[in-house]
Structures are given as structure tokens and as C-alpha cells.
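A.B. asks: Dropping the structure in here first, questions after.
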Ligand SMILES: C[S@@+](CC[C@H](N)C(=O)[O-])C[C@H]1O[C@@H](n2cnc3c(N)ncnc32)[C@H](O)[C@@H]1O
């Protein structure tokens, strides 16, 4: 089978040269140069090519097909078990890196793209907890933790929000004998609310995990409210000083978020993402 025929065919489906090269590399195991020098693709790959072809036609995101997504200039393993890391979230990593941090707690970790990007760029962080309700998401997170040799620094927790820390009030001390100050929490929670469901791209609805995206309530901010109440509780249970929470909000949540934080007397700052949308909120406890 001639490589140029595959190019022509897939280009008609809207894929560009780079994307086709990446898919062909994944199928054949060739590197960029080997693929460049190849004119014919062996017939033994035909079955795989057909399979990948049907996945592309069905609208499956390229990141799932390639099992790879780039985030903060790092490659992460991803598949249907987790949300595909979004560029919008990179602003959160940038802002966390501006802070002094001894312990990082990444709530709703998914692929762990946030925590791993932070840890790779700040070697002073001593420990990191990554939390997800989904066991499947934590399997993907584990693959990335091992890929970046961070298994000694990161501890995974399969639990709802911060409840593990509240139910066992010695949890933090027992797991690591650490000094509880300069803790940063990061959270990119499912903030798409019920009436927005109908405006979402078909590919997102069909392929990305529901638990990663939707929160079937009125504002989509309710889960963050719950998390903030839990952090207040943690502050007093553990007597923790200097907590900062970074959250990601939806394009229309600035007001609801600001009103809630003002009511709770919390200082905060809002940062825009690359598309100039209010996206990341730094909350100081
Ligand atoms: C929007 S994704 C964010 C994933 C990742 N942090 C990122 O930025 O790509 C939300 C994640 O939260 C998890 N999740 C949803 N509800 C949760 C809950 N109540 N407690 C803990 N994790 C939850 C989902 O499994 C999903 O992995």
C-alpha cells in the first residue's frame, strides 16, 4: 500500500500531514525519519490501519487514538478513562509555580497532568497527593506517575474530594511525617452544568468520561463550594497554615465564584487563559 495513497485518503477526512504521520508512526512503530524514508506501508498493517480509520471517522479525539496528549510541554498518556488535558488549564500550572509550596494536593487529578507538570518544574515540593473518585482515572494517573519517575513523591487517593483527610484526622501525619505548611490545593472539577450539556461538541459527549465533565446542578460551582468548606474544616482539624487553592472555572462562572468567595471573606485573584477567558482562580485561606 502506497503511503501517499493513505495521506490523500486521510487528508480528505480533514487530518493534516503531522496528524497522519503521528498515526502512522503509532501503527508501524517507525520513528519520524523511518516513516519519512518509507514509500510503501506493509500489508501486515492493513487491519490496524482500517481500525484506526474507523476510529477517526467516528470522531474519536486524536489524543485517544494516539494515547498521548501534550500539556505544559510534556507528553501524557491518555485514553478514554480520563479527560484529555486542555491548554486552558496550563495557566493554573504557571500560577502554582509562582508560589512557595511544600505539599501539593491535586484534587480531581484525572491524568495527573497538573501535579506532574508542577512537580517536574519545582523540585522543592516534598510530597504530593493526587485524588480522584474514579479508579479508572487513577490507573491512567499511575501510568504517568511511573513515566515521570514520581512514584516516591506522589501518593494516590481513591476517594471523594478531601473526605479521606477528614475521616482519618491523622492521615497526613501518618502517611508522611511532614510539616503542614505551605500547602497548595489544585482542582479542575467537572463544572459543566445541566443546561449547558446541549451546547457541547458531540465528540466530547461521546468519548470523554462523564464524571470528568458534568455536574448536574444549577451553577456548576457547587462542588467547589463543597471543596472550600472542606478546606476550612481541614484548616482547623490539622491546624494548617498558608493554604492556597487554585481552581479552574467555566467561562461564565466568574461572578458566581466571586460572590461566593466574597461572602466567605476569602481573598482571591482571577487569571485569564490563552484565549483571554477568566479561567483560573487563586484563593488564599
Ligand atoms: C475536569 S477533570 C480534571 C482532570 C485533570 N485534573 C485535568 O485538568 O485534566 C475532573 C476529574 O475529577 C474526577 N472527579 C469527579 N468528581 C469527583 C469527586 N467528587 N471527587 C474526586 N474526584 C472527582 C473525575 O474522575 C475526573 O478525573
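Residue numbers (the numbering used here): 74 to 358.
All residues carry an ideal CB built from backbone N, CA and C; glycine is no exception.
Quick caveat, the model's predicted, so the values are computed rather than measured.
Runs of 3 residues minimum, wholly inside the segment 176–200: which ones carry the beta strand (DSSP E) assignment?
C.D. replies: DSSP assignment within the segment 176–200 yields the following whole beta strand (DSSP E) runs of 3 residues or more, N-terminal first: 176–180.
A.B. asks: Using the Cα positions of residue 311 and residue 304, report the straight-line distance between them to the nearest angstrom.
C.D. replies: 10 angstroms
A.B. asks: Look up residue 225 in the DSSP assignment and give the residues it is bridged to.
C.D. replies: According to DSSP, residue 225 bridges with nothing at all.
A.B. asks: Which whole-angstrom value is the C-beta distance of residue 141 and residue 151, which I expect to be below 8 angstroms?
C.D. replies: 7 angstroms
A.B. asks: Can you tell me the Cβ-Cβ gap for residue 166 and residue 190, rounded? I've got them flagged as a contact below 8 angstroms.
C.D. replies: 5 angstroms
A.B. asks: Quick check: does the Cβ of residue 191 come within less than 8 angstroms of any heavy atom belonging to ligand 1?
C.D. replies: no
A.B. asks: Drop a sphere of 10 angstroms on the beta-carbon of residue 297, count the other beta-carbons inside from all chains shown, and report buried for 16 or more, exposed for fewer.
C.D. replies: buried
A.B. asks: Measure the CB-CB distance between residue 319 and residue 345 and report whether it falls below 9 angstroms.
C.D. replies: A distance of 9 angstroms or more separates the beta carbons of residue 319 and residue 345.
A.B. asks: My guess is that residue 317 and residue 172 are in contact by the Cβ rule of under 8 angstroms, so how many angstroms apart are they, rounded?
C.D. replies: The beta carbons of residue 317 and residue 172 sit about 6 angstroms from each other, so the pair counts as a contact at 8 angstroms.
A.B. asks: Let me check you understand the geometry: is the CB of residue 183 closer than 8 angstroms to at least one non-hydrogen atom of ligand 1?
C.D. replies: yes
A.B. asks: Looking only at its chain, what residues have a beta carbon closer than 7 angstroms to the beta carbon of residue 220, apart from the 5 residues adjacent to it on each side?
C.D. replies: 150.
A.B. asks: Please confirm whether any heavy atom of ligand 1 lies closer than 8 angstroms to the CB of residue 205.
C.D. replies: The answer is yes for residue 205.
A.B. asks: Mind checking who residue 210 pairs with in its DSSP beta bridge?
C.D. replies: BP columns for residue 210 are empty, so no partner.
A.B. asks: For residue 178, count neighbouring Cβ atoms within 10 angstroms of its own Cβ and tell me buried if that reaches 16, exposed if not.
C.D. replies: buried
A.B. asks: Taking the straight line between their C-alpha atoms, what separation do you get for residue 226 and residue 293?
C.D. replies: Each residue's alpha carbon lies about 32 angstroms from the other.
A.B. asks: When the Cα atoms are used, what is the spatial distance from residue 336 to residue 330?
C.D. replies: 10 angstroms
A.B. asks: Check whether the Cβ atoms of residue 353 and residue 209 lie closer than 9 angstroms to each other.
C.D. replies: no
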